[in-house]
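Only one structure is covered here, and it is reproduced in the block below.
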Amino acid sequence: MKCLYCECTESKVIDSRSADDDRTIRRRRECTACGRRFTTYETIEVSPVLVVKNNGTRESFNAEKVRTGIIKACEKRPVSIATIDEIVLDISKQVYNSMDGEISSKKIGEMVMERLKKTDEVSYVRYASVYRSFKDISSFMAELKSMMKADKEKK
C-alpha cells in the first residue's frame with residue numbers, strides 16, 4: 842500500500858477492525874518512512890452477474906428489484922419483512938454462488954415462486970399472476986387447480 846504523503850510502499854498495520862456488517866476490514870496503517878498514519882479498507886470483490894431478460898437484453902442483477910416484487914406480492918398478507926429479506930438473501934446467494942456470469946430472469950422468477958409457495962400461497966398466486974402473465978381466467982384457474990392437487994397429494 843503506497844503512503845499518501847511520501848509514496849513509500851512500506852507500511853505497518855496498527856489496527857484492524859471489521860466495518861460495514863463484517864463485509865469490509867478497516868485498517869489503520871503507519872508509513873515506515875515518514876511515520877504518518879492513514880486508513881485503508883479491504884473488501885471482497887464481487888463479479889457482476891447479468892440477468893438475461895425475455896427480450897434478450899442484459900442488466901446487472903439487482904436484489905432490490907427482487908425484493909420490491911416480493912413486497913408487492915405479499916402486500917396485506919401475514920409475511921414479515923424479515924421473511925422477505927431472508928428470501929431475497931437466499932436468492933442472491935444462489936445467484937452469486939452459481940458461478941455463472943449470466944442468469945435468466947425466468948430462473949430468478951422460478952426461484953421466487955418456489956419460496957413464496959412455501960411461505961404464503963396467496964402471495965405466490967399474486968406473484969405468479971404477474972410473472973406468468975395469465976391471459977384469462979382459465980389459465981389462472983389451471984394454476985389454482987394444480988396447487989389444490991399438490992396440496993391433496995401432501996395430505
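So the mapping is simple: the numbering used here equals the position in the sequence shown, first residue as 1, plus 841. Note that CB positions come from ideal geometry on N, CA and C, so glycine has one too.
Problem - Cβ pair I944, V929 closer than 8 angstroms - result: no
Problem - the region 918-938 touching the region 871-886, judged by at least three CB pairs closer than 8 angstroms - result: no
Handout entry: Same chain, Cβ closer than 8 angstroms to V853, five either side skipped, listed in chain order
Key = Before going on, a small fix: residue 853 reads as Lys here, not Val. R870, E871, T873, listed in sequence order.
Practice task
Tell me whether I925 is buried or exposed, calling it buried when 16 or more other Cβ atoms sit within 10 Å of its Cβ.
Solution key: buried
Exercise for the section: Check each candidate in E927, A991, F879 and name the one with the smallest Cα separation from M952. Expected result: E927
Practice task
Could you check if L957 is buried or exposed, using at least 16 other CB atoms within 10 Å of its CB as the buried criterion?
Solution key: buried
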